[in-house]
Each structure stands twice: as structure tokens, then as C-alpha cells.
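Peer 1: Before anything else, here's the structure in question.
Protein chains: 2
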Amino acid sequence: MISIDEARRIILEQVTGLPVVSVPLLDSLGMVLAEDVRSPWDIPSADNSAMDGYAYSHDLLKGESLLVCGFLPAGTIRTDPVPAGQAIKIMTGAQVPPGCDTVVPVEDVLETSEGILLLKGPSKSGSHVRKRGEDVGADKLIFTKGTLIRPQEIGMLASFGRTTVPVYRKPVVAILATGDELVEPGEARLSGKIINSNSYSIAAQVLETGSTPIMLGIARDDRDTTRRLLQQGLQADVIITSGGVSVGDHDFVKEVIEQMGGEIKFWKINMKPGKPLAFAAIDGKPLFALPGNPVATMVGFEMFVRPALLAMMGHTRSIRPLVRAVATEPIHNKGDRPHLIRTLIELKDGKYYLKSTGDQGSARLSSLTLGNALILVPSGTTVEAGDEINASLLDRSFEMQE
Amino acid sequence: MISIDEARRIILEQVTGLPVVSVPLLDSLGMVLAEDVRSPWDIPSADNSAMDGYAYSHDLLKGESLLVCGFLPAGTIRTDPVPAGQAIKIMTGAQVPPGCDTVVPVEDVLETSEGILLLKGPSKSGSHVRKRGEDVGADKLIFTKGTLIRPQEIGMLASFGRTTVPVYRKPVVAILATGDELVEPGEARLSGKIINSNSYSIAAQVLETGSTPIMLGIARDDRDTTRRLLQQGLQADVIITSGGVSVGDHDFVKEVIEQMGGEIKFWKINMKPGKPLAFAAIDGKPLFALPGNPVATMVGFEMFVRPALLAMMGHTRSIRPLVRAVATEPIHNKGDRPHLIRTLIELKDGKYYLKSTGDQGSARLSSLTLGNALILVPSGTTVEAGDEINASLLDRSFEMQE
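Order-wise, the sequence lines are chains A and B.
So the first sequence is numbered by the working numbering: it starts at 1 and just counts up by one.
So the second sequence is numbered by the working numbering: it starts at 1001 and just counts up by one.
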């Protein structure tokens, strides 16, 4: 039985970043950039107007009036210099023509019917002109390999004319449930049978990381079916099973893994729920054999599979944030293993407060649906009301404002 | 010119939740439940074993040994009672047979070759048995309308046999860029032209809310094209334009909206960047005419479009969380409008610290790519180094642990 930290270390040593692929610009949202990106040119590529207004030469301005000599819509170019003492009407984004260095916004002038422009107030040289390269100079290193691509990175990449982006590929994750007692949701509900909910909660957890789940279905409790389905799963990048890793006669997932030439890196972690969790490698691919109890399955995924998937996608930070929260009631761990207790965190006046979600039975999914955070309570200890402890936030929707 | 709060109020009054649709279970992840959900049956539906072990009657146990009378794999049912003083081998999830109330895990016993079971220690009545309805009783209200669907809710819904879920539909958002000066990324780069990056940053922001973007392309600066493309956009639930809402001759998006029978609810907001932002309704559909400067476009989306899209999806909390952060340098707003300054927040010892991302020019996308938060600095004021201020977090990846 190894510790949570030791298990994580073994897993993160084993998994490696997936190959670099080139994806369409918008598909790169949320993915990790796999190469440095340099600006291909100056942005802006030429001095241009930041406002709808009039361009002129500030130093050659005599008095407060100018003769308007033409019109420059955005997207058009004037190569003839604008003569001294004259101005040209210019739209936002249009290139400032030769002979001009300053723009006065349309709101700050009066144009008479004779085409004479009167400035309402003093102007400043260079104002309302976006200088060439002002935002980004040509060949400047813009994004380093490893950058998380957010909407603003998409915008910047688009402004460089990029239509595709090199990123680390998203893992495809094959999901297998095991057990004669299982039926799929929607199938006839027979006495003694249990609905396979684990494959769906796992698939949702996979989706949340940005990875792609594929469903292998249910393996009945026989070695041949299990082997055949695991073999199918090897087409994916990662395999996750649930159930069949305890010590009962029918818990032979580990056995089949070894028959297939896989190597069990560890089995059993010193934690509750989720002790009987095996991590293996088959054909160099990580396989997580999660326990079958619904809460143990989800907590096992959260603690070990999620960081692995994020690391495979190139994320350097793969563990959820911890926040300091004040317990509002005593929380006991009378057991002999560290207990990942499901809690509900609330935010009051900028401070986090938490309480247990109640009965922590590892089959009781409501211990997760009623909460939003996990705390780790060492064996034989009690968190007293008022204690400040670390909590791992599973979702942060409770922090949104109405 | 109206205030940010007033603009938000007008927008959130105007938008309504989209129709309820039924989606496949996994597709409901991240969406908002549109109906109350009650448990259709007890979970578990019968007393069953929480462990691989042996079931027996605790009260009828004589001494520490029991005769093993059979085997119950998961998914099978035994209707004959187990006689007093006997035990039956039972797998996790298998229904506890009549005559038994307790399970002892396989690790805690020795089974002799003669089928005699020796308990290694004392046992407790009812232990390792999941009682019928222990997790959820039949017809209990499980999730109320408005619940955000996370992986644990998916798991719970699957365990109820649900294959589809009623949720508020995701908005389809039509995106239009305006301006003669624009070319699409990947097109030949002509002098005087600017690449349309706004449609891509907006599309990425739309995707981040969970909504679906559709691209209407670029409207050249003429009324007919603009009208034709906006008309196409009316097939979507929301229309977003960028550019063409200032006061120049070519800024006629507002004019076309009115010609199409649309009602401009407001134009111009007392903020920087993003003052020239119009909100309208055409055929009852919200239209956001965002300014054309790349940063103003993204900040306008963040402040006004994002909350509207979330509200349309049924989220009751639609505004990003604010955190308290300490400025590490003075940050000035010398202007006459409240300034949404882009900042970089870091987390040290559980406390947030922020600094400006530098030049805040509204064409300068790097002011956003270098940061992760917005602060609102009132006009003519300075945030001093050491001041604690509210900051709106645009992404929280910086809080993840390595």
C-alpha cells in the first residue's frame, strides 16, 4: 500500500506528453501550445488611425484650422503626402498617409461646409495614431511552448494570420466497466442488477479535462471478454476500468492485465475511498484500474487520472488549487487510512467555510453531488470546528456572482 | 452614456432562458437542469454487499466459525434463506440473501478446505451491507431545476437509468466583423489591410461559455451587405458584431439595425475600453454591437455578452468571481471614464498580488495575453502600491499546483 503522493509521482513519471498535432485555430482553445510562436510582422503593420477623425502634421499646423484635402476609408492607402496646413479625413484602422503624424477625433472638430476644419481644443503630436509595431514588433517571441491557449491567445494568433496551431494532442480515453451485475442505463431493470453509472461519471470527468472518452461497454466477469475489450482499448491513449480490482474471486482485471504483458506499477493506495486502485502500463499505455464503488471511482479519477490526462496534454500544472477553508463543524476520521472527505464549501465575505456532505459511504454518490471540495483528513484525527484546513476545489461555480 | 451596472441590468432584463431541450446524458455536462429530478427507485434497490466476503446472520452466529453453504456472484439472486450458523460467499454488489444481515470481508476470515469459515476478529451486526435506499430513497427530490450538471450529477442520473436530460438549450451565436479594411487570417496580406482577429477571439469567448459560435464573415462597409448578413444572423439566438459603432461615416451598424426594425436599447457605456458598445433587440433577439478595437471587443464581450449567454443557458450566477488582491505598484487612471485595466494576478502564500500588464492601448491584445484579471479603476484615481482591490479573474489556471 503506497501513499497518495507516491502514487502520483509514479503516474506522472510514467506518462509523457502526447505527440504534437496541428489543429484549426478555434480548436486550440484550452489546449497547450507545443512550439514557441514569434510575430511574423509588426502589429500594427503600419502607422494607422486609432479613431475616426482627421490626420495632419502637428508641427506644420498653423493656428487651429486646416483645409480638408480628401478622405481615407479603412483599407485604402494614400501614397501622396498630405500638404502642410492640410488635413485628410481618416477612418479607424486606415493607414496614416505620408505628411501626417497626428489624428484628431471627429468629436473634437467642426468641419465647415467649405471644407475648413476647426479644432475645438489643443492637440498633442502623435495622438490617436497607432504606431507601426506598437503592439508587437516583428520576430518578437510572443508565446512560449507550454502556453495555455485562451480566447486572447486565439485573437493574437488570428492577428498573425494563423489558421492552425501546433498543440499537444488530447488523449483518447477508453472506458470499461466490469461486472456481471451491471446493466446499461436505459436497459430493462432486473432484480439483483445494478446500473453502470461509473462509465458515465468517468466519461464526464474525462470530458472535463478536455480529453475524448470512448466507451468499451461492460465486461462480464470472464477473462476472455475482459481481455478482448482491453485489447480494443489499446487503440486509445489511456484505458480506465472500474470494478474488478479488489481481492474477490471475480476481481481478475489485474490478472488479465498481466496476461496481456502489462506491468502493474502499483495496486492499493493508502486512502479512503479508493484503496484498491491499480496503475499499470500495457504497450507503453497507462491503464488505471479504478475501484467499483461509485464514489471511489470518481475520487480515484480525480486524484490520479485527471493529473495524468492534463500532463499528457502538456499542462505543467495538473493538480487542482487548494484553498484554506474554516471547518464549521467537527469532521472525524476514525479509520486507519487517510480519508478524502467530501465537503461543501461556501464563500462568505471573501472567506471559505466548509462542512461535510454527510454520510461518506463510498457507494453514496450524493456525498459528491451535495459538495464541491475534498479535504484529506489523516487517520485517527479530527478537524475541529474553527480549524483552518486545505481543501481541493472540484468546481468553482459557487464563487460566481449573481 | 450609461454606467456598466445600468448596461448589465438592461441586458439581463432583456434576455430570457432558452427553450428546454432533452439532450443525451453526457451532452448535459456543464448545462443547467431545466426540471426537478426525483429518484425513480431506492438506491441501492436492495440490501447488497459492500465488499467481497461472506454474508451471515450476526445474531445467529455461534462462536467464531461458520459453515460456507454456497456462493453468490454479483448479479445473481438467492431467494432461499441461509440457515442459522451458516454463511454464503458473496461478491461486492450482490444482493444479501434472506437470513443474512452482515458481511465479513474476505481479508478478515480464513476458509478451511472443509468449508469452515473462521472470523479473525469480532464483527458488528449489519457491517459491510449497503441497505436498500441507504444512498437515496425512492421519489426523493434529488436535483432541483437550475442545478449545474457536473460529473457527479451525470453519475447520479446514470444510476437512475437516465439516458437523456432536460436542460436549457445552449445559444447559437452569430458573429459578424465589419470593415473594408479587414481580411481573414490566411488570406493574402495586402498593404493597408488588417486581419480580422475579432471574430476569432469572440468565437473563442463564445465557446468558453459553452455556447456555439457561427461565423457570418466580414461585412464590407455598405448597408446592403451588412443588412443581408445581419438577416442571416437572425437564424441564431444572439448576434454579435464588431466594429462600425463609433461616430464615423462608415459606422452604420446602428443605422442598419434600426432599418431592420431593431430597437437600440443603449449605445455608449461609461467605461474604457469599449465605450462605443450598442445593445439592441431585433425580432426579440439580442444583438451586441461591440467596438472594433481588439481589446475593446474582448472586454465588451467579457462584461456584457458573457453574462447574457450564461443567463440564457439558465445559470443564475452569471458574473465572474471577484477576489481581493494587493496591488504591487501604483496603477493610474488619468482619464475621464472608469478604466478596466488588464492585470496579472499571482498567488503567493494564499494571497493574491497584481500588477498592470503595461500599455493599456485598446488595440494592444498583449495587454490581455500578458494578464489574467480585470480591475475597475474609477476616473481620475490611482490605486497605490499596497492597496487591496477587487479583481475579476478571467482564468484561474495560475492557481493550479505543479
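C-beta: ideal position from N, C-alpha, C; glycine also.
Out of Lys1120(B), Ala1138(B), Ile1195(B), which one is the CA nearest neighbour of Asp1108(B)?
Peer 2: Of the listed residues, the one whose Cα sits closest to Asp1108(B) is Lys1120(B).
Peer 1: Enumerate in chain order the residues of its own chain whose CB-to-CB distance from Asp1237(B) is below 6 Å, with the five nearest sequence positions on each side excluded.
Peer 2: Pro1171, Val1172
Peer 1: Just the chain A side, please: which residues come within less than 8 Å of Met1400(B) by C-beta, in chain order?
Peer 2: In chain order: His315, Arg317, Ser318, Ile319, Arg320, Pro321.
Peer 1: So, under 8 Å CB-CB, Met1303(B) and Gly1210(B) are touching, yes? Tell me the CB distance rounded to an integer number of Å.
Peer 2: Between Gly1210(B) and Met1303(B) the Cβ distance is about 18 Å, and since that is not below 8 Å, they are no contact.
Peer 1: Mind checking who Ile1345(B) pairs with in its DSSP beta bridge?
Peer 2: Leu1354(B)
Peer 1: Quick one: what's got a C-beta closer than 8 Å to Ile10(A)'s C-beta in the same chain, skipping five residues either side?
Peer 2: Ile2, Lys265, Phe266, Phe279
Peer 1: Is there a Cβ from chain A that is less than 9 Å from the Cβ of Arg1227(B)?
Peer 2: no
Peer 1: For Cys1100(B), which residues of its own chain have a beta-carbon under 6 Å away from its beta-carbon, when the five flanking residues on both sides are left out?
Peer 2: Ala1055, Tyr1056, Ser1057, Val1082
Peer 1: Taking Lys1272(B) as the query, report the chain A residues whose CB atoms sit under 9 Å from its CB, ordered along the chain.
Peer 2: Within 9 Å Cβ-Cβ: nothing; Lys1272(B) doesn't reach chain A, min ~13 Å.
Peer 1: Thinking Leu347(A) and Asn372(A) are a contact (beta carbons under 8 Å), I'd like their distance in whole angstroms, please.
Peer 2: So it is not a contact: roughly 11 Å between Cβ atoms.
Peer 1: Using a Cβ cut-off of 7 Å, which residues of the stretch 154-172 of chain A contact any Cβ in chain B, in chain order?
Peer 2: Listed in chain order, the positions of the stretch 154-172 of chain A with a beta carbon within less than 7 Å of a beta carbon of chain B are Ile154, Gly155, Met156, Ala158, Ser159, Gly161, Arg162, Thr163.
Peer 1: Taking the beta carbon of Thr1297(B) as the centre, do at least 16 other beta carbons fall within 10 Å, making it buried, or is it exposed?
Peer 2: buried
Peer 1: Does the stretch 1219-1226 of chain B come into contact with the stretch 1314-1326 of chain B, if we say contact requires no fewer than three beta-carbon pairs (one atom in each stretch) closer than 8 Å?
Peer 2: no
Peer 1: Tell me whether the stretch 1038-1052 of chain B and the stretch 196-205 of chain A touch, counting them as touching only if at least three CB pairs, one residue from each stretch, are closer than 8 Å.
Peer 2: no
Peer 1: By the DSSP assignment, the beta strand (DSSP E) with Ser1392(B) in it spans what residues?
Peer 2: 1388-1393
Peer 1: Less than 9 Å between the C-beta atoms of Gly1274(B) and Val1299(B), yes or no?
Peer 2: yes
Peer 1: Name the chain A residues that come within less than 8 Å of Gly1115(B), Cβ to Cβ?
Peer 2: Result: empty, since nearest Cβ-Cβ is about 15 Å, beyond 8 Å.
Peer 1: Residues of chain B with CB under 8 Å from Pro407(A), in chain order?
Peer 2: Shown here, chain A extends from 1 to 402; a query on residue 407(A) therefore has no answer.
Peer 1: Look at Ser1242(B) and Gly1161(B) and say whether their C-beta atoms are less than 9 Å apart.
Peer 2: no
Peer 1: Tell me the rounded alpha-carbon separation between Lys1355(B) and Ala1327(B).
Peer 2: When rounded, the separation of the alpha-carbon atoms in Lys1355(B) and Ala1327(B) is 6 Å.
Peer 1: Using C-beta distances below 7 Å, list every residue in its chain close to Arg1008(B), excluding the 5 sequence neighbours before and after it, in chain order.
Peer 2: Phe1304, Pro1307
Peer 1: For Pro1019(B), count neighbouring Cβ atoms within 10 angstroms of its own Cβ and tell me buried if that reaches 16, exposed if not.
Peer 2: exposed
Peer 1: What residues in the stretch 1054-1078 of chain B bring their beta carbon closer than 7 Å to a beta carbon of chain A?
Peer 2: Pro1073, Ala1074, Gly1075, Thr1076, Ile1077
Peer 1: Would you please verify whether the beta carbon of Asp36(A) is less than 9 Å from any beta carbon of chain B?
Peer 2: no
Peer 1: Give me the Cβ distance between Leu29(A) and Ala1204(B), rounded to the nearest whole Å; I'm assuming they're in contact under 8 Å.
Peer 2: That belief holds up - the Cβ atoms of Leu29(A) and Ala1204(B) are roughly 5 Å apart, short of 8 Å.
Peer 1: Could you spell out the range, first to last residue, of the alpha helix (DSSP H) harbouring Leu230(A)?
Peer 2: Under the DSSP assignment, Leu230(A) falls in the alpha helix (DSSP H) whose first and last residues are 223-233.
Peer 1: Kindly list the residues whose CB is nearer than 8 Å to the CB of Ser379(A), restricted to its own chain and excluding five residues on each side of it in sequence; keep chain order.
Peer 2: Asn333, Gly335, Asp336, Arg337, Pro338, His339
Peer 1: Using a Cβ-Cβ distance under 9 Å, would Thr92(A) count as near chain B?
Peer 2: yes
Peer 1: If you draw a straight line from the C-alpha of Gly93(A) to the C-alpha of Phe1301(B), how long is it?
Peer 2: In this structure, the CA atom of Gly93(A) is about 21 Å from the CA atom of Phe1301(B).
Peer 1: Considering only residues of the same chain and omitting the five flanking positions on each side of Ile1194(B), which have a CB-CB separation below 8 Å?
Peer 2: Gly1179, Glu1181, Leu1182, Val1183
Peer 1: Can you check whether the C-beta of Asn333(A) is within less than 9 Å of a C-beta belonging to chain B?
Peer 2: no
Peer 1: With DSSP as the reference, label Met215(A) as helix, strand or coil.
Peer 2: strand
Peer 1: Output yes if chain B places a C-beta closer than 9 Å to the C-beta of Ile142(A); else output no.
Peer 2: yes
Peer 1: Counting Cβ pairs closer than 8 Å, one from the stretch 358-376 of chain A and one from the stretch 1229-1236 of chain B, do we hit at least three?
Peer 2: no
Peer 1: Go ahead and pull the three-state DSSP assignment for Ser1191(B).
Peer 2: coil
Peer 1: Going by alpha carbons, who is nearest to Lys254(A) out of Ala289(A), Gly284(A), Leu310(A)?
Peer 2: Ala289(A)
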